[in-house]
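In our numbering, the protein residues as written are 5 to 338.
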């Protein structure tokens, strides 16, 4: 739970809920408003309790299927899907069209398909793959329940705990998140875990992400959003090969991305002549310049923060929630 929330109010809310018998609910008050750090806190809090799997869900998802969790866990025990370490699911999002703030850019411009195919970093990436700047390609629709991917979608991620260690996480990413530029944290985490085995996406699990409110884990106003998108590309490019440094081809992709997208956003801003689009173009250009000149590391971005120590202190203060526990209702036989 984010440390900005009122701790006593959250605890009262949790204690008022009726959890099924056997559930163990732990409340951890984070000392940083930081999604990737909070994901680490979740792992740190439960990793020594003998659990097999760790599931991350966005708090505003809708699960229309009652067996969603069971479906996500199937591949971990399916002999036909060996060595699976992570599973995600397709989600239906409404996008940001219901937000009326003119400072939020809905349309930042895009290149013609022919130009993307010619110079885009994703041009040679197979479905389910990922480019060197973090662009994820979804698998083609097919009859299979699961398809193999090289990334997981952050809205819902299930992991095999045995494939996760502290090295799965990164204080550099915590720092990037702290300055509100940590887009792609789900990509980084899933690719670290994916180095230990296979990642799958469930093609027949329906999850809704209504986007009734603006995201809280990264900025949404035009300038800061574009800046975060650009600077995050540097981090994803740095870690594209997971345990190996980026190659020259990866760096060339990053530079081409920065130059190409900056050009397109400015063309779009001039065509639209709106304050939001101009701010977006300015933000992306500034974030791209920082990406070219400063490596995003905790030492550069948050030199005075002891990320691992702060996490240990937060986990040590975790509270085991005692609720009004009830048994799971049995279905009626008709």
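Even for Gly, the Cβ is constructed at its ideal location relative to N, Cα and C.
Assignment of residue 281 by DSSP, reduced to helix, strand and coil, places it in the helix class. Contact between residue 211 and residue 67 holds: their C-beta atoms lie close to 6 Å from each other, under 8 Å.
Between the stretch 289–296 and the stretch 231–238 there are three or more inter-stretch CB-CB distances shorter than 8 Å, so the stretches are counted as touching.
Within the DSSP secondary-structure output, residue 206 pairs in a beta bridge with 93, 150.
Counting along the chain, no alpha helix (DSSP H) covers residue 20, and no H or E run does either. Here residue 230 has 284, 287, 288 as same chain residues with Cβ atoms under 6 Å from its own Cβ, once five neighbours each way along the sequence are excluded. Collapsing the DSSP output to three states places residue 134 in a strand. In this structure, 36 is the residue among 23, 36, 15, 29 with its C-alpha nearest to the C-alpha of residue 183.
Taking a 10 Å sphere around the C-beta of residue 280, we find 16 or more other C-beta atoms and assign the residue as buried.
Of all C-beta pairs linking the stretch 202–211 to the stretch 78–90, three or more are shorter than 8 Å, placing the two stretches in contact.
The straight-line gap separating the alpha-carbon atoms of residue 313 and residue 48 is approximately 12 Å.
Every unbroken stretch of the alpha helix (DSSP H) spanning 4 or more residues and falling wholly within the stretch 163–200 is given here in chain order: 175–182, 189–198. Residue 65 sits close to residue 159, with the two beta carbons spaced by under 8 Å. Of 76, 41, 18, 63, the smallest CA-CA separation from residue 213 is found for 63. Per DSSP, residue 222 is not a residue of any alpha helix (DSSP H), being assigned neither H nor E. When secondary structure is reduced to three states using DSSP, residue 324 falls in the strand class.
Judged by their CB atoms, residue 157 and residue 190 are nearer to each other than the 8 Å cut-off. Shown here for residue 269: same chain residues with a beta carbon closer than 8 Å to its own, the five before and five after excluded, namely 112, 113, 230, 281, 284, 285, 288, 289 in chain order. Residue 17 and residue 151 have their C-alpha atoms spaced approximately 38 Å apart.
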